[in-house]
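Chemist:
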Amino acid sequence: MRLSHSLAPVTVAVALVLSLPYEAMPHPRVKAGEPAPRQPFGADCRTTVDGSHVVAYCHNPYADIDRVALHVECDRWWDLDVDGPAVDTGPAMTVRLAGRCWMEVRSVWISHQKR
């Protein structure tokens, strides 16, 4: 029986790969010297600003606890900025964070810390 010209190189390549030792074959899922992939982390937060009041809702869809804190920067130079207390957001938990300025709000952000 004669192999066709297009099938012969494929057959030889498969035979060579199967004859290699296990350590010599590439494994796409396992790479030497590379750390394990990072696990997803971090609560999803929504912030709203209404005049001088700020409200944020943070929902943690992951298994690790995320410690979130609200930070408010006020627009006026004499108005004190607000750094709210850190709150633990457990798995499948939603927390409400609030802060305010006396006058206008310049910026708002949420900090995350793995616990």
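The opening residue of the sequence shown carries number 0 in numbering that gives the first Met the number 0; numbering runs sequentially from there.
Virtual Cβ for every residue (Gly too), placed ideally from N, Cα, C.
#1: Tell me the residue span of the beta strand (DSSP E) that contains Ser110.
#2: Considering only residues of the same chain and omitting the five flanking positions on each side of His52, which have a CB-CB separation below 6 Å?
#3: To the nearest angstrom, how far is it from the Cα of Ala42 to the Cα of Pro34?
#4: Just to check my reading of the structure: Thr10 and His58 have Cβ atoms closer than 8 Å, yes? What is that Cβ distance to the nearest angstrom?
#5: Quick one, which of Val71, Cys73 and Tyr61 has its alpha-carbon nearest Arg37's?
Modeler: Based on what the coordinates show:
#1: As a working mapping, residue 110 is identified with position 111 in the sequence shown. Run containing Ser110: Val104 to Lys113, per the beta strand (DSSP E) assignment.
#2: On the sequence shown, position 53 is the one that residue 52 refers to. Taken in chain order, the residues that qualify are Arg99.
#3: Here residue 42 refers to the residue found at position 43 of the sequence shown. Here residue 34 refers to the residue found at position 35 of the sequence shown. Cα-Cα distance, rounded: 24 Å.
#4: On the sequence shown, position 11 is the one that residue 10 refers to. On the sequence shown, position 59 is the one that residue 58 refers to. At roughly 56 Å, the Cβ-Cβ gap does not stay under 8 Å, so Thr10 and His58 are not in contact.
#5: Position 38 of the sequence shown, counted from the first residue, corresponds to residue 37. Closest by alpha carbon: Tyr61.
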